[in-house]
Every structure is written in structure tokens, then in C-alpha cells.
Amino acid sequence: MREERDEMIDRIVDELKTLPAVPADATARVLARVDAARRGDGPGTSATDDDDVIYFPTNTEEMRAVQMPAGGSRVDGGLRRRFVVSLPAALGYALAATLAGFLIRGALPRKATAVAVAPSAPVGETSGVTTPLTRVAATKRDQQDAPVPVQFVLDAKRAASVAVVGDFNAWDATATPLVKDSVSGIWSGLVKVNPGRHVYAFLVNGREWTLDPRAPRTKDSDYGTEQSVMIVGLP
Amino acid sequence: MRVARCAVLLAATAVVAWPGQGKAQGTSVPLDSATAAVIAPIIDQARAARLPVDLLYVKAREGQVRRVPLTAIESAVRALAQRLYAANEALAPNPSEQELRAAADAMKAGVPVETLRAMRKAGKDGSLAVPLGVLTELVVSGVPVEKASMQVVDLLNHGAVPKNFIALNERVQQDVLAGRRPEESLDLRLKGIFPTLPQPAQATGDGFIQSTTPKRPR
Chain L
1 MREERDEMID RIVDELKTLP AVPADATARV LARVDAARRG DGPGTSATDD
51 DDVIYFPTNT EEMRAVQMPA GGSRVDGGLR RRFVVSLPAA LGYALAATLA
101 GFLIRGALPR KATAVAVAPS APVGETSGVT TPLTRVAATK RDQQDAPVPV
151 QFVLDAKRAA SVAVVGDFNA WDATATPLVK DSVSGIWSGL VKVNPGRHVY
201 AFLVNGREWT LDPRAPRTKD SDYGTEQSVM IVGLP
Chain P
1001 MRVARCAVLL AATAVVAWPG QGKAQGTSVP LDSATAAVIA PIIDQARAAR
1051 LPVDLLYVKA REGQVRRVPL TAIESAVRAL AQRLYAANEA LAPNPSEQEL
1101 RAAADAMKAG VPVETLRAMR KAGKDGSLAV PLGVLTELVV SGVPVEKASM
1151 QVVDLLNHGA VPKNFIALNE RVQQDVLAGR RPEESLDLRL KGIFPTLPQP
1201 AQATGDGFIQ STTPKRPR
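Line by line, the protein sequences are chains L and P. Residues in the first sequence are numbered consecutively from 1, following the numbering used here. Residues in the second sequence are numbered consecutively from 1001, following the numbering used here.
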């Protein structure tokens, strides 16, 4: 049995020697492994942990260097290393990383946890229990709180640009630019907005605050400015 | 090689952990350094209380783009944080971000926390974002806050859903634009809403709506 295996290994080694693309170093490594196997050393006993590392040349110069090592120095210093991990190990790493990530984040999403906050609880602390009832409640509430497409329209034929800014897009002038209809000259845009009452305005040419003539107006007591108002929800 | 493995694990962990942190810190709402510094303590306190701090960033951002003084921004953000604390308590156990935002708006319009509690109780498991928004709009339009609060709670007690509130608001706004008084319009339009609800109120002989649920004392 042992002799048959040695013959097979010899044949493999001979084949490897005939292949020009295989570096001489690789052949030597295979031979070293064979010797180690004969001595009974397992791959895990390798001090260099080489079992999951493959060295290979990346260009012709490196290939040449591998085939002609100079002065007995280690020749894989300039070679690229490739990390090879088995699938179960990779899945394990991914799972561990995900769990660690959630631990760092502190908790699962607020709605999913449905943890009751006692009115008297100190700041930063929560108390209470998760019940099926609150889970159902969160689900129904989520459905009713789902974003609704809202169309914004402004007649501003001479405007070079029009954007809508409001509490739904953090008053970001670049977030929701409107598009001009080439025929009518009317600017319009469709935006998904959470249900509820929202305040907004149009920003014409990047600097002129314009209220929506089609919507009611309100005065914001915080900043003393006028805004357009809309109530968003499925009709 | 083990160092490489650890590096990959740390990187993956950071990818999972950090997006939420970035959002919580309001990275989607760019602020100038002066504004960010002024509201930082308020943000920290709100985050410690598990409040949605994005709402505070949005309020600060609004002041910034409107070029209001820094002191006004700080004052507005602080006031909003206080309203959010109160709303979070009144709408317990687990208000959504939209509900908290709507409740804070309603409180700014003058709606008391007792109404928020009554709405949570009456609204059961439904979202209060739209009912609170309509209540705010009614009050801002000129309906007395006590009357508007009572009617909205009554609608919830009768099983009204967001679309009922939206219909009511649209009709009242049309009436107001046509010159009718908001309070008068509310009385009128409720007569058209209640019969459509799962638990309709009974109409009296004189045409007024008689609620089947006891009214909250004023």
C-alpha cells in the first residue's frame, strides 16, 4: 500500500517537474509536504500556518524570480497572497460579524422590539415586556405609516430651477428637484412622504422661497416664517 | 494570517454596526460646525432618552437654510426636544417616529398632553400620525383646541382611520377657503363622517351628532 502511494506521488512529482509554469519553489514545497506526510506530521502542525495560503507569481519577472531564487533568500516576499477560507468558516465569520455588529448597535430596531417604556423610567433605561399585542400594533401602525407618493406642482415658466424643500427631506435643496414640462412649462415632481402633517416650500432658482399657491399656509412659531402645509395619507 | 482574519472580522463588524450610528448622528442632515456644536448637548440628551434625534437635526437644518440666528435655532431645537420628551411619555408604550413628530407639532399648536393620552387610548393599535396632523391643522385653522381635541378623540373612539381624518380635513379646508368659520365647518362636516365609521354615532332629531361614547370633561 505504502509503495503504491509512493509511486503515485512520484508520478505526480514528475508531472509537476515537466510543467514549465510551475515555479521551482512550489515543487520543493510539494516535496516537503510529502516528506512531512511520511513522517506523520499533520498539516495543522505547520508553524507557518500555510495550509490556507497559496503563493503564486503575478507577472513574468516574479515567475522568473521564483524559478531562480537568489542566495537562498525567501522568494515569496514580493508575491501576492491570496486568502482561502472554506465555506462553513466564511459563513461562521459572517454570522459572528453580524452578531457583533448588532451588539455594538445596542439593540434590534425600535419597532420590532416593542419594549414598553415606563413613564417613570430614568433617562436611558427601559422596562416592560414584549407581548404579541404590541407586535400586532406595531405591524398595523407600520402599514398606516408607510410612505405615500405625493406630487408637487408649481407654475414657474421663467424659472431656471425649482426644488421642493420641507421637513420630509430635511430642507435639503438638492434632495428633490422638480422637472419642467417642456410643453406647459409647469414644474412637477413625485416624492414619497410619510403620512401626517408636513410643512414645505419651493426653492426657485436656488434662492427664492415660494409658497405653494395650491396649499394652505401656516406661520411657524419657531422661526417666524410662512410655510405651505399638507396632510399626507392614503385617501 | 490570523491578523488578516481579525481585520476582515473587524471590518465586517464595522459595516454592520456603523450605518445606524451614522444615521443617528444625522449624517443625512448636513449642518455647519457652529450649529452642530450648539445643538450637540441637546442631541446627546435626546439620544440618551432614545428619542428620534433626526427630528432635532431637521429642525436645526431648517433654521440654518432659512438663515435664522444661532440662538433661535438652539431655542427651537431645545423646545422641540422638550415636546418630544412629553410626547414620548404620553404616547407610550412604543410611539413611532412619525407619531412623535406629529405629537410634537400638535403640542406646539396648543394641544395638551392629556389629549395625546386620550388619542392613544382611543386609537388602540392604529397610527396617530394622521389624526394628530389633522388635529393640529384644525387648531391652527382656528377651531378651539378643546373642541378639536374632543372631536378627534371621539372619531377615534368610533373607529375612524386615517382616510376619514383626511377627508374631514379636506372638507373643512374647502369650507374655510369658501369663507365658512372653521368651527362651524367642523360641526357640519362631522355629520358626513360619523355615519361612515364602523361604530357610527347617532344623529338627534335636530340634525346634530350625538356621540355614543361619553365625552371627555373640558
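Each residue gets a CB set at the ideal place from its N, CA and C atoms; glycine is no exception. Keep in mind the model is a prediction, meaning the values are calculated, not measured.
Have a look at L31 (chain L) and L87 (chain L) and give me their C-alpha separation to the nearest angstrom.
As a position in the first sequence, residue 31 (chain L) is number 31, starting the count at 1. As a position in the first sequence, residue 87 (chain L) is number 87, starting the count at 1. Approximately 28 Å, taken between the alpha carbons.
Shorter than 8 Å from the beta carbon of Q1151 (chain P) to some beta carbon of chain L?
Taking the first residue of the second sequence as position 1, residue 1151 (chain P) is located at position 151. Not one chain L Cβ lies under 8 Å of Q1151 (chain P).
If I measure Cβ to Cβ from A1122 (chain P) and keep anything under 7 Å in the same chain, skipping five residues before and after, which residues do I get?
What you label residue 1122 (chain P) is simply residue 122 of the second sequence in a count that begins at 1. Excluding sequence neighbours, A1122 (chain P) sits near V1153, L1156, N1157.
Could you please give me the residues that DSSP links to M1119 (chain P) through a beta bridge?
What you label residue 1119 (chain P) is simply residue 119 of the second sequence in a count that begins at 1. Per DSSP, none; premise fails for M1119 (chain P).
Run down chain L in chain order and give the residues with a C-beta less than 9 Å from the C-beta of G1126 (chain P).
Sequence index remark: in the second sequence, residue 1126 (chain P) carries index 126 (1-based). Contacts between G1126 (chain P) and chain L, judged by CB atoms closer than 9 Å, involve A137, K140, R141, Q144 in chain order.
Beta-carbon neighbours of N194 (chain L), restricted to chain P and to distances below 8 Å:
In the first sequence, residue 194 (chain L) corresponds to position 194, counting from 1. Those within 8 Å of N194 (chain L) in chain P are Q1098, A1129.
At a cut of 8 Å, does the segment 141 to 150 of chain L reach the segment 189 to 207 of chain L through at least three beta carbon pairs?
Contact holds: three or more Cβ-Cβ distances are below 8 Å.
Looking at chain P, which residues of the segment 210 to 233 of chain L have a Cβ within less than 7 Å of any of its Cβ atoms?
The residues in question are P216, T218, S221, D222, Y223, T225, V229, I231, G233.
Which partner residues of K192 (chain L) appear in the DSSP bridge assignment?
The sequence position of residue 192 (chain L) within the first sequence is 192, counting from 1. In DSSP, K192 (chain L) forms a bridge with L:P149.
For P132 (chain L), which of helix, strand or coil comes out of DSSP?
On the first sequence, residue 132 (chain L) is found 132 positions in, with the first residue counted as 1. In this prediction, P132 (chain L) scores a pLDDT of 36, lower than 50, which makes its location untrustworthy; the coordinate-derived value is nonetheless stated afterwards. Residue state, collapsed to three classes: helix.
Closest to S188 (chain L) by CA distance: which of L:V164, L:G206, L:F168 is it?
Here residue 188 (chain L) refers to the residue found at position 188 when the first sequence is read from its first residue. When each option's Cα is compared against that of S188 (chain L), the closest is L:V164.
Are the CB atoms of Q227 (chain L) and V199 (chain L) nearer to each other than 8 Å?
Taking the first sequence and counting its residues from 1, one reaches residue 227 (chain L) at position 227. Taking the first sequence and counting its residues from 1, one reaches residue 199 (chain L) at position 199. For Q227 (chain L) and V199 (chain L), yes; Cβs fall inside 8 Å.
Is the segment 1066 to 1077 of chain P close to the segment 1092 to 1111 of chain P, with three or more CB pairs under 8 Å?
Touching, no.
Which residues mark the beginning and the end of the alpha helix (DSSP H) in which R217 (chain L) is found?
By 1-based counting over the first sequence, the position of residue 217 (chain L) is 217. Element bounds for R217 (chain L): not the alpha helix (DSSP H) but the beta strand (DSSP E), 217 to 219.
Do we get a CB-CB distance below 8 Å when we pair S46 (chain L) with the residues of chain P?
Here residue 46 (chain L) refers to the residue found at position 46 of the first sequence. Note on S46 (chain L): pLDDT 44, under 50, position unreliable in the model; the coordinate value appears next. The C-beta of S46 (chain L) comes no closer than 8 Å to any C-beta of chain P.
Nearest CA to the CA of V1111 (chain P): which residue from P:A1081, P:P1093, P:K1147, P:S1096?
For the purposes of this step, residue 1111 (chain P) is taken as residue 111 along the second sequence, with counting starting at 1. Looking at the Cα atoms, P:K1147 is the closest of the given residues.
Three-state secondary structure assigned by DSSP to S182 (chain L):
As a first step, residue 182 (chain L) must be located in the first sequence, where it is residue number 182. Looking at S182 (chain L) - three-state DSSP - the assignment turns out to be coil, as it is neither helix nor strand.
Out of P:R1061, P:S1096, P:I1039, P:P1052, which one is the CA nearest neighbour of P1030 (chain P)?
Position 30 of the second sequence, counted from the first residue, corresponds to residue 1030 (chain P). Put simply, of P:R1061, P:S1096, P:I1039, P:P1052 the residue whose alpha carbon is nearest the alpha carbon of P1030 (chain P) is P:R1061.
What three-state label does DSSP hand R1078 (chain P) in the structure shown?
As a working mapping, residue 1078 (chain P) is identified with position 78 in the second sequence. Of the three classes helix, strand and coil, the one that applies to R1078 (chain P) here is helix, per DSSP.
What in chain A is Cβ-close to P235 (chain L), meaning under 8 Å?
Structure shown: chain A not included; protein chains present are L and P.
Using a Cβ-Cβ cutoff of less than 7 Å, which residues in the same chain neighbour G1063 (chain P) once the five nearest sequence positions on both sides are dropped?
Within the second sequence, numbered from 1, the residue matching residue 1063 (chain P) stands at position 63. Within the same chain, G1063 (chain P) has close Cβ partners A1072, I1073, A1076.
In chain order, what residues of the same chain lie with their CB nearer than 8 Å to the CB of L1100 (chain P), ignoring the 5 residues before and after it?
By one-based count along the second sequence, residue 1100 (chain P) stands at place 100. Result list for L1100 (chain P): L1051, P1052, L1055, L1084, A1087, N1088, L1091, in chain order.
Please confirm whether A1122 (chain P) has its beta-carbon closer than 8 Å to some beta-carbon of chain L.
Position 122 of the second sequence, counting from 1, holds the residue named residue 1122 (chain P). Any Cβ of chain L closer than 8 Å to the Cβ of A1122 (chain P) would place that residue at the interface, and such an atom is absent.
With a threshold of 8 Å between beta carbons, is V1172 (chain P) in contact with chain L?
The residue you call residue 1172 (chain P) lines up with position 172 of the second sequence. No, because no Cβ of chain L sits closer than 8 Å to the Cβ of V1172 (chain P).
If contact is defined by three or more beta carbon pairs under 8 Å, each pair taking one atom from either stretch, is the segment 1127 to 1147 of chain P in contact with the segment 1162 to 1171 of chain P?
By the C-beta criterion, the segment 1162 to 1171 of chain P is judged to be in contact with the segment 1127 to 1147 of chain P, since at least 3 inter-stretch pairs fall below 8 Å.
Leaving out the 5 sequence neighbours to the left and right, which residues in its chain are closer than 7 Å to G1126 (chain P) when beta-carbon positions are compared?
As a position in the second sequence, residue 1126 (chain P) is number 126, starting the count at 1. In chain order, V1161 place their CB closer than 7 Å to the CB of G1126 (chain P), counting only its own chain and leaving out the 5 sequence neighbours on each side.
By the DSSP assignment, the alpha helix (DSSP H) with Q1174 (chain P) in it spans what residues?
Your numbering for residue 1174 (chain P) matches position 174 in the second sequence. Residues 1162 to 1177.
According to DSSP, is G166 (chain L) helix, strand or coil?
Locating residue 166 (chain L) in the first sequence gives position 166, counting from the first residue. In the three-state reduction of the DSSP assignment, G166 (chain L) falls in the strand class, which pools E and B.
C-alpha distance - A160 (chain L) paired with T174 (chain L), whole-angstrom precision
Residue mapping note: residue 160 (chain L) aligns to position 160 of the first sequence, counting from 1. Residue mapping note: residue 174 (chain L) aligns to position 174 of the first sequence, counting from 1. As the crow flies, the alpha-carbon of A160 (chain L) is around 14 Å from that of T174 (chain L).
Just by C-beta distance, which residues in the segment 158 to 185 of chain L are closer than 8 Å to chain P?
Cβ contacts with chain P: V165, D167, A170, W171, D172, A173.
Relative to the alpha-carbon of R141 (chain L), which residue among P:S1096, P:A1118, P:Q1151, P:L1138 has its alpha-carbon at the smallest distance?
The sequence position of residue 141 (chain L) within the first sequence is 141, counting from 1. It is P:S1096.
Mapping the DSSP letters down to three states, classify V1068 (chain P) as helix, strand or coil.
Position 68 of the second sequence, counted from the start, is the residue given in the question as residue 1068 (chain P). Looking at V1068 (chain P) - three-state DSSP - the assignment turns out to be coil, as it is neither helix nor strand.
Does Y250 (chain L) come out as helix, strand or coil in the three-state DSSP assignment?
Outside the shown range of chain L (1 to 235) lies residue 250 (chain L), about which nothing can therefore be said.
Return the Cβ separation of A1118 (chain P) and T1136 (chain P) in integer angstroms, given the expectation that the two are a contact with Cβ distance under 8 Å.
In the second sequence, the residue the question calls residue 1118 (chain P) occupies position 118. In the second sequence, the residue the question calls residue 1136 (chain P) occupies position 136. That pair is no contact at about 15 Å.
Taking the DSSP output, what are the residues bridged to H198 (chain L)?
Stepping through the first sequence from its first residue, residue 198 (chain L) is reached at position 198. When beta bridges are read from the DSSP output, H198 (chain L) appears opposite L:M230.
Residues of the segment 1175 to 1198 of chain P with a CB closer than 7 Å to any CB of chain L: list them in chain order, please.
Result list empty, no residue passes.
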